[in-house]
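Notes follow once the structure below has been shown.
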Amino acid sequence: VNDCAKQPCQNGGSCRDLDGDFNCRCPSPYVGKHCQLRCISLLGMEGGGIAESQILASSVRYGFLGLQRWGSELARLNNKGLVNAWTSASYDRNPWIEINMQRKMRFTGIVTQGASRMGSAEFIKAFKTNLFDPPIISQYFRIIPVVCRKACTLRMELVGCELNVYSNTAGCSEPLGMKSRLLADRQISASSVHRTWGMEAFTWQPHYARLDKQGKTNAWTADTTKRSEWLQVDLESPKRITGIITQGAKDFGAVQFVSAFKVAYSDDGQFWSIVKDDVTSTDKIFPGNSDNNVHKKNLFEPPFYARFVRILPWAWHGRITLRMELLGCDE
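Basically our numbering = 1-based index in the sequence shown + 14.
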């Protein structure tokens, strides 16, 4: 029996008959048993799913008397502001910028932008290919500029999907709405809140726990420094949760952050399970932050499905203070 006779491969895929089975060779960006899935998720440069610590570069330019740092962490598509992109140093003859995805991914394309400095456009000119066929499978992705105008300046987004050893979906690492405010304030709660100097105006509310939130009170801070404190997110419907990004904050100059935490999840908000370590089967303690601002990303392997997610602080510096984003998708 020729298993390719029924033309099981979709979207232009070519079929190879095997003994009692078939294999589809899929054109980019399609993947899956039947080439039925599109591998075109935005992998997190613009949305924040890729943390600052995952982005490295060969060099960085310091502009305007050394006061403007055009760092690799700024190389995010559509980044705003006066200093809003990565630029290599003028002495760098072999510039590059590299993304560490923390596990192997399937890359099917890249979107690039330049930027302007003092009204003068600077960009990488040699990018003409946006889609990769065949896709690139790798943990690390390095962009090597070949021709630049004035300076090698770049903002970008990577396109692709996870290899998904745990499911057959095409990708599931999108920010779930903390930073973008897709999650409403009422969906974020906590065990307690701290008020600086006891003043209502300086209350560190649960719904302030949004990644990269700015302002004088720009994070959630618990009222006590006890392991019984928690921050909870109600996603309103079950979702597949694949990771988390955490961040600390400053309380009027005092650096505060959560340096280790556990994660609990629930379908009803009453009965909770704690994410376990695959090896020891004990509660998994995730490494947290080491300062008040740099993102720390942790992945859940395997992912879990839940409507409610709780962050359970386990160790901290100063007060228990947190900004965060959940990563995952609807399924």
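Quick reminder that beta carbons are idealized off the backbone N, C-alpha and C, glycines included.
Residue range of the unbroken beta strand (DSSP E) whose run includes Glu315: Where Glu315 is concerned, the enclosing beta strand (DSSP E) stretches over 310-331.
Contact under 8 Å by Cβ, Leu340 with Met119: no
Where Met59 falls, given that 16 or more other Cβ within 10 Å makes a residue buried: Sixteen is the threshold: when 16 or more other Cβ atoms of the shown chains lie within 10 Å of the Cβ of Met59, as they do, the residue is buried.
Unbroken beta strand (DSSP E) run spanning Gln270, endpoints: 268-280
Spatially closest choice to Asp281 from Ala129, Arg195, Ile255, Cys38, by CA coordinates: Ile255
Gln50 in three-state terms, based on DSSP: coil
Contact under 8 Å by Cβ, Gln270 with Thr335: yes
Contact under 8 Å by Cβ, Thr126 with Pro149: no
Inter-residue CB distance, Val272 and Trp330 (contact presumed, cutoff 8 Å): 5 Å
Pair within 8 Å by beta-carbon distance, Glu171 and Leu91: yes
Proximity to Ser251 [Cα-Cα], best of Gln21, Asn37, Ser304, Tyr319: Tyr319
Beta-carbon contacts of Asp237 that lie in its chain and below 7 Å, excluding the five residues immediately before and after: Ser206, Val207, His208
Range covered by the beta strand (DSSP E) that runs through Trp286: Counting along the chain, Trp286 falls outside any beta strand (DSSP E), and DSSP gives it neither H nor E.
Expected contact under 8 Å - CB spacing of Phe314 and Val289 to nearest Å: 6 Å
Between the CA atoms of Gly342 and Val15 - distance to the nearest angstrom: 41 Å
Counterpart residues of Lys298 in DSSP-defined beta bridges: According to DSSP, which records beta bridges pairwise, Lys298 is partnered with nothing at all.
Rounded straight-line distance, which links the Cα of Trp100 to that of Glu112: When rounded, the distance between both Cα atoms is 11 Å.
Three-way DSSP call (helix, strand, coil) for Thr210 in this model: helix
Lys311 to Leu79 span [Cα, whole Å]: 33 Å
Proximity winner among Ile202, Leu225, Gly212, Gln82, relative to Ser194 (alpha-carbon distances): Leu225
Coil, strand or helix - Pro220 by DSSP: helix
Distance between beta carbons of Trp110 and Ile151, contact taken as under 8 Å: The Cβ separation is near 20 Å, so there is no contact.
DSSP bridge partner residues for Leu340 (one or two, in chain order): Paired residue(s): Ile258.
DSSP three-state assignment for Ala88, whether helix, strand or coil: The sequence shown places Leu at residue 88, rather than the Ala named in the question. Correct three-state label for Leu88: helix.
Burial state of Gly128, where buried means 16 or more other Cβ atoms lie within 10 Å: Gly128 is classed as buried because its beta carbon has at least 16 other beta carbons within 10 Å across all chains shown.
Beta-carbon contacts of Ser72 that lie in its chain and below 6 Å, excluding the five residues immediately before and after: Asp106, Pro109, Trp110
Straight-line Cα distance separating Gln246 from Ala89: 31 Å
C-beta atoms of Glu243 and Pro327 nearer than 8 Å: yes
Endpoints, beta strand (DSSP E) assigned at Ser167: The residue asked about is misnamed: residue 167 is Thr in this sequence, not Ser. Counting along the chain, the beta strand (DSSP E) containing Thr167 begins and ends at 167-176.
Residue span of the beta strand (DSSP E) that contains Asn37, given as start and end: 35-39
Selection from Glu188, His221, Gly212 that minimises the alpha carbon distance to Asp199: His221
Simplified DSSP state of Ser72, which is helix, strand or coil: coil
Ser304 versus Ala274 - alpha carbon distance: Across the structure, Ser304 and Ala274 are spaced so that their CA atoms are roughly 10 Å apart.
Cβ neighbour criterion (16 or more within 10 Å) applied to Lys240: exposed
Beta-bridge pairing of Gln127 - partner residues as DSSP gives them: Under DSSP, Gln127 forms a beta bridge with Arg169.
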